[in-house]
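The listed protein sequences correspond, in order, to chains A and B.
Take the first sequence: its position 23, counting from 1, is numbered 23 in our numbering, and each next residue is one higher.
Take the second sequence: its position 92, counting from 1, is numbered 1092 in our numbering, and each next residue is one higher.
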Amino acid sequence: GNSVTQMEGPVTLSEEAFLTINCTYTATGYPSLFWYVQYPGEGLQLLLKATKADDKGSNKGFEATYRKETTSFHLEKGSVQVSDSAVYFCALSEASYDKVIFGPGTSLSVIP
Amino acid sequence: SQTIHQWPATLVQPVGSPLSLECTVEGTSNPNLYWYRQAAGRGLQLLFYSVGIGQISSEVPQNLSASRPQDRQFILSSKKLLLSDSGFYLCAWSVGGTYNEQFFGPGTRLTVL
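Set out below in structure tokens:
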């Protein structure tokens, strides 16, 4: 079945450091891919998405590129801020399904 | 624009007591609706989803149940809470289509003592 794997956390970075959170997926078709962010005590928010191979999603300085050949959708940001501290979830949705499959989440802490 | 509401925001209940959590969506029609649970320090577990009024699919055997009495209302219930039911409960909605982004509510923090 379909699945999403993320790098283990927690990740701790200093402010202005470069961020990469790895995400790989297994799917039978050509899914859409998402990154969601969950700030402490809140629900999830969609951060960015990509719907086909080689698409790049971007938002708030974060980027991720849909790599079909490596089945990956790694999240990157060039310079993190303390306000980026949150849990990040990689997710996929098959075109024929309504359900979204979430990865386990990666906790990020950014220290001043 | 669409909005999703959940209440209560926090709840402390004794073991064995009943539960009712409510979720409503505004600004859209015929949404798909979802209940997730997030245990402390863990990922999301899909509990129930619904594609229409009265239609409920259960993903995991639980002592929980869900109902959809109206198009934009989704209720999570239990007759007798267990300690293991503690967690953060999230409601979400999506529009059926080729790529299905889900939009989440603010969540309910449930503590069972």
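No residue lacks a Cβ here, since even glycine has one placed at the ideal position from N, Cα and C.
What does residue i reach in chain B if we use C-beta pairs closer than 7 Å?
i, result
"Lys49 (chain A)", "Glu1101"
"Phe102 (chain A)", "Gly1043, Leu1044"
"Gly105 (chain A)", "Gly1043"
Around the Cβ of residue i, are there at least 16 other Cβ atoms within 10 angstroms (buried) or fewer (exposed)?
i, result
"Gln1038 (chain B)", "buried"
"Thr1098 (chain B)", "In this prediction, Thr1098 (chain B) scores a pLDDT of 42, lower than 50, which makes its location untrustworthy; no coordinate-derived value is stated."
"Pro31 (chain A)", "buried"
"Trp1093 (chain B)", "buried"
"Ile1004 (chain B)", "buried"
Would you identify the three-state DSSP class for residue i, choosing helix, strand or coil?
i, result
"Leu1081 (chain B)", "coil"
"Val80 (chain A)", "coil"
"Ile1053 (chain B)", "coil"
"Val1112 (chain B)", "strand"
"Phe102 (chain A)", "strand"
"Gly1 (chain A)", "coil"
"Arg1072 (chain B)", "coil"
"Gly9 (chain A)", "coil"
"Ser1001 (chain B)", "coil"
"Gly1087 (chain B)", "strand"
Residues of chain A with CB closer than 9 Å to the CB of residue i, please, in chain order.
i, result
"Phe1104 (chain B)", "Tyr36, Gln38, Glu42, Gly43, Leu44, Gln45, Leu46"
"Tyr1089 (chain B)", "Simply none; closest approach about 10 Å."
Taking 7 Å as the cut-off, is the beta-carbon of residue i closer than that to any non-hydrogen atom of the ligand PLP?
i, result
"Trp35 (chain A)", "For the structure depicted, the ligand PLP is absent and the ligand set is empty, with no information on it obtainable."
Please list, in chain order, the chain B residues whose beta carbon lies closer than 8 Å to that of residue i.
i, result
"Lys68 (chain A)", "The premise fails here: Lys68 (chain A) is roughly 15 Å from chain B at the closest Cβ pair, so nothing lies under 8 Å."
Return the chain-ordered ranges of every beta strand (DSSP E) run that is complete within the stretch 25 to 92 of chain A and spans a minimum of 3 residues. For the stretch 25 to 92 of chain A, the full-length beta strand (DSSP E) segments reaching 3 residues or more read 32 to 38, 44 to 50, 56 to 59, 62 to 65, 75 to 77 along the chain.
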